[in-house]
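Enquirer: The structure is given below, and queries will be raised subsequently.
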């Protein structure tokens with residue numbers, strides 16, 4: 001009978017039955033819980049390491065202190081006698097030796113020097129208290145100091161037992177060891193021929209070579225009979241041999257320099273692949289994109305597409321991101337590249353079979369994640385709409401429009417000749433093609449249609465070009481009142497004809513026509 005009680009000690013951070021507050025995102029809570037488990041484990045191991053090192057160090061120091069207190073044949077206040085005694089009893093170069101520390105990176109002080117420093121400190125304490133520095137007083141202080149160290153060691157022993165008990169109550173990755181393994185040996189054809197000859201297996205028609213496979217079978221082997229096991233193992237080996245030739249690509253940017261949600265160019269290319277076989281080939285060549293950081297970065301782009309109402313692309317991005325998540329969970333503890341590739345191959349096989357539980361779990365995770373993104377984007381859109389309503393129920397945008405003081409005016413356009421006036425023609429040629437076509441119609445409405453499609457900065461640049469090229473002459477007015485004043489002035493002066501005004505207007509997108517415009521440009 002198999003005892004499964006050991007697995008009760010596994011710390012689970014992503015228990016599906018965990019319940020959280022409605023205002024707390026479940027995935028964020030699970031990630032926090034996972035991080036909390038790792039941080040506590042790291043602190044516990046660090047404290048165990050420190051206490052173990054201190055206990056070993058105090059043991060060496062206490063042996064030296066005991067020898068000093070036991071031997072009264074020298075004067076402790078005489079520094080020369082004290083150092084000679086210490087070096088005669090103990091190796092003056094002895095330092096802490098422990099597999100828990102890297103002596104090449106840490107400067108270790110010899111034990112004898114630490115005792116010398118301690119005696120100097122005790123001398124200083126006596127001088128500070130204005131007590132005579134002599135052998136008796138130094139030995140008394142040294143004895144009290146050792147008593148404090150002994151009390152500290154007792155407390156450390158109790159704390160160490162507590163930490164080790166807590167550590168043993170949980171199963172950690174570092175505790176896991178390889179149990180059973182299976183090895184497959186394909187013999188060469190020549191060896192098989194020799195074996196056939198030794199066994200005197202002769203076929204009169206032809207010398208048929210048969211492949212023999214040795215296997216050390218594992219407990220609960222998935223193959224029920226030898227023939228199926230042989231076929232499976234051969235396919236498994238062929239799969240590994242096929243991928244041995246894949247050379248893994250290097251990241252376009254060092255992974256340790258990536259921002260929290262920075263997407264690698266390779267991950268973006270991965271998200272555009274449609275065929276499953278090409279996805280598989282791309283992943284085993286770019287194993288480094290299989291990470292939680294790249295998964296999160298890719299998911300952020302799904303939000304962008306959903307906000308643009310491109311639901312199909314958003315869903316596809318979620319599919320690819322969840323694939324990275326599942327593969328990361330599956331392979332993060334695997335260091336061997338071939339084993340990792342094999343795990344990825346198995347994953348693709350399983351999700352390719354819709355009836356497999358792994359495929360169902362994968363689809364459920366995709367549906368859940370996409371539904372979450374869809375709901376969040378809907379809320380974001382509603383919040384933006386609400387903010388727009390609070391700011392005036394409309395979104396303002398500046399436009400430049402041409403207006404004429406006379407509704408019957410036809411736009412007079414003076415296009416420069418390339419041969420006669422090359423400088424003006426060069427400036428005119430910088431205008432966009434659609435704007436040139438609109439000018440050729442001599443219709444203010446057609447020109448205004450082009451202005452409606454471009455941003456204010458580009459429109460102002462075009463105005464500067466047509467003024468500089470002399471195509472039409474434009475005067476800019478700052479508001480509607482200036483336009484009305486100019487219009488009245490023109491009506492009172494019959495010598496002025498066909499004035500056209502260009503208005504730089506803040507137009508609000510509503511169903512009602514704009515009542516006024518802000519600036520006016522006059523065109524001769």
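Residue numbers (UniProt numbering): 1 to 524.
We put the beta carbon where it would ideally sit given N, CA and C, even for glycine.
On a predicted model such as this, the values are computed, not experimentally measured, just so you know.
Less than 8 angstroms between the beta carbons of residue 350 and residue 343, yes or no?
Expert: It is not a contact, given that the beta carbons lie outside the stated cut-off.
Enquirer: Could you say which of 275, 249, 297, 88 lies nearest to residue 259 if we only look at CA atoms?
Expert: Nearest of 275, 249, 297, 88 to residue 259, Cα basis: 297.
Enquirer: Excluding the 5 residues preceding and the 5 following residue 134 in the sequence, name in chain order all residues of the same chain whose CB lies nearer than 7 angstroms to its CB.
Expert: Answer for residue 134: 77, listed in chain order.
Enquirer: What's the C-alpha gap between residue 268 and residue 283?
Expert: If you take the alpha carbons of residue 268 and residue 283, they lie about 12 angstroms apart.
Enquirer: Where does the unbroken alpha helix (DSSP H) through residue 352 begin, and where does it stop?
Expert: Its alpha helix (DSSP H) spans residues 337–352.
Enquirer: Could you check what DSSP says for residue 48 in three-state terms: helix, strand or coil?
Expert: Residue state, collapsed to three classes: helix.
Enquirer: Return the residue from the list 85, 58, 299, 53 that minimises the CA-CA distance to residue 67.
Expert: Nearest of 85, 58, 299, 53 to residue 67, Cα basis: 85.
Enquirer: Would you please state the rounded distance, in angstroms, between the beta carbons of residue 462 and residue 439? I believe it to be under 8 angstroms.
Expert: That pair is no contact at about 10 angstroms.
Enquirer: Mind the definition here: the segment 136–148 touches the segment 118–127 only if three or more C-beta pairs lie below 8 angstroms; say whether that holds.
Expert: Touching, yes, given that three or more Cβ pairs across the two stretches are closer than 8 angstroms.
Enquirer: Got a sec? Which residues, its chain only, sit under 8 angstroms from residue 166 by beta carbon, not counting five neighbours each side?
Expert: Excluding positions up to five away in sequence, the list reads 44.
Enquirer: Within 10 angstroms of its Cβ, does residue 88 collect 16 or more other Cβ (buried), or is it exposed?
Expert: Result: exposed.
Enquirer: Taking all protein chains shown into account, do 16 or more other C-beta atoms lie within 10 angstroms of the C-beta of residue 46, making it buried, or fewer, making it exposed?
Expert: It counts as exposed.
Enquirer: Is residue 258 helix, strand or coil by DSSP?
Expert: It is coil, neither helix nor strand.
Enquirer: Which residues in the same chain as residue 52 place their Cβ atom closer than 8 angstroms to its Cβ, once the five residues preceding and following it in sequence are excluded?
Expert: Excluding residues within five positions, the ones whose Cβ falls inside 8 angstroms are 98, 100, 160.
Enquirer: Looking at C-alpha atoms only, which residue of 48, 254, 65 is the closest neighbour of residue 164?
Expert: For the residues 48, 254, 65, the minimum Cα distance to residue 164 belongs to 48.
Enquirer: Are the CB atoms of residue 370 and residue 315 nearer to each other than 8 angstroms?
Expert: For residue 370 and residue 315, yes; Cβs fall inside 8 angstroms.
Enquirer: I need the DSSP call for residue 264, collapsed to helix, strand or coil.
Expert: Reduced to three states, the DSSP call for residue 264 is coil.
Enquirer: At which residues does the alpha helix (DSSP H) containing residue 326 begin and terminate?
Expert: Here the alpha helix (DSSP H) through residue 326 covers 311–331.
Enquirer: Nearest-angstrom Cα distance between residue 287 and residue 248?
Expert: Cα-Cα distance, rounded: 7 angstroms.
Enquirer: Any chance the segment 55–63 sits against the segment 147–159, with 3 or more Cβ pairs inside 8 angstroms?
Expert: Flag = yes, the segment 55–63 and the segment 147–159 touch.
Enquirer: Applying the criterion that 16 or more other CB atoms from any shown protein chain within 10 Å of the CB defines a buried residue, is residue 442 buried or exposed?
Expert: Exposed, since its Cβ has fewer than 16 Cβ neighbours within 10 Å.
Enquirer: Count the other CB atoms, across all protein chains shown, that sit within 10 Å of the CB of residue 327; report buried if there are 16 or more and exposed otherwise.
Expert: Buried: at least 16 other Cβ atoms inside 10 Å.
Enquirer: Hey, out of 318, 69, 339, whose CA is closest to residue 363's CA?
Expert: Ranking the options by Cα distance to residue 363, first place goes to 318.
Enquirer: Of the choices 419, 400, 427, whose alpha-carbon is the least far from that of residue 453?
Expert: Residue 453 has its Cα closest to that of 400, out of 419, 400, 427.
Enquirer: Can you list, in chain order, the residues of its chain with a C-beta nearer than 8 angstroms to that of residue 95? Leave out the 5 residues immediately preceding and following it.
Expert: Result list for residue 95: 103, 108, 109, 110, 111, in chain order.
Enquirer: Among the residues of its own chain, which have a CB less than 6 angstroms from the CB of residue 81, if the five just before and after it don't count?
Expert: Taken in chain order, the residues that qualify are 74, 75.
Enquirer: What separation, rounded to the nearest whole angstrom, lies between the Cα atoms of residue 386 and residue 377?
Expert: Cα-Cα distance, rounded: 14 angstroms.
Enquirer: Between the C-alpha atoms of residue 421 and residue 457, what's the straight-line distance to the nearest angstrom?
Expert: The alpha-carbon atoms of residue 421 and residue 457 are separated by roughly 28 angstroms.
Enquirer: Take the Cβ of residue 293 as the centre, count every other Cβ of all protein chains shown within 10 Å, and call the residue buried at 16 or more, exposed below.
Expert: Result: buried.
Enquirer: Between which two residues does the alpha helix (DSSP H) harbouring residue 251 extend?
Expert: Per DSSP, residue 251 belongs to no alpha helix (DSSP H) and is neither H nor E.
Enquirer: Report the CB separation of residue 261 from residue 253 in whole angstroms; it is logged as a contact under 8 angstroms.
Expert: Wrong, their Cβ atoms sit about 14 angstroms apart, outside the cutoff.
Enquirer: My output table needs one value for residue 163: the three-state DSSP class, helix, strand or coil.
Expert: Here residue 163 sits in helix by DSSP.
Enquirer: By DSSP, does residue 401 sit in helix, in strand, or in coil?
Expert: The answer is strand: DSSP assigns residue 401 an E or B state.
Enquirer: Give the range of the alpha helix (DSSP H) segment to which residue 459 is assigned.
Expert: It spans 456–469 - the alpha helix (DSSP H) in which residue 459 sits, taken as one unbroken run.
Enquirer: One question on the structure: do residue 290 and residue 324 come within less than 8 angstroms of each other, judged by their Cβ atoms?
Expert: Closer than 8 angstroms, so yes.
Enquirer: For residue 465 versus residue 427, is the C-beta spacing smaller than 8 angstroms?
Expert: Cβ distance < 8 angstroms, so residue 465 and residue 427 count as in contact.
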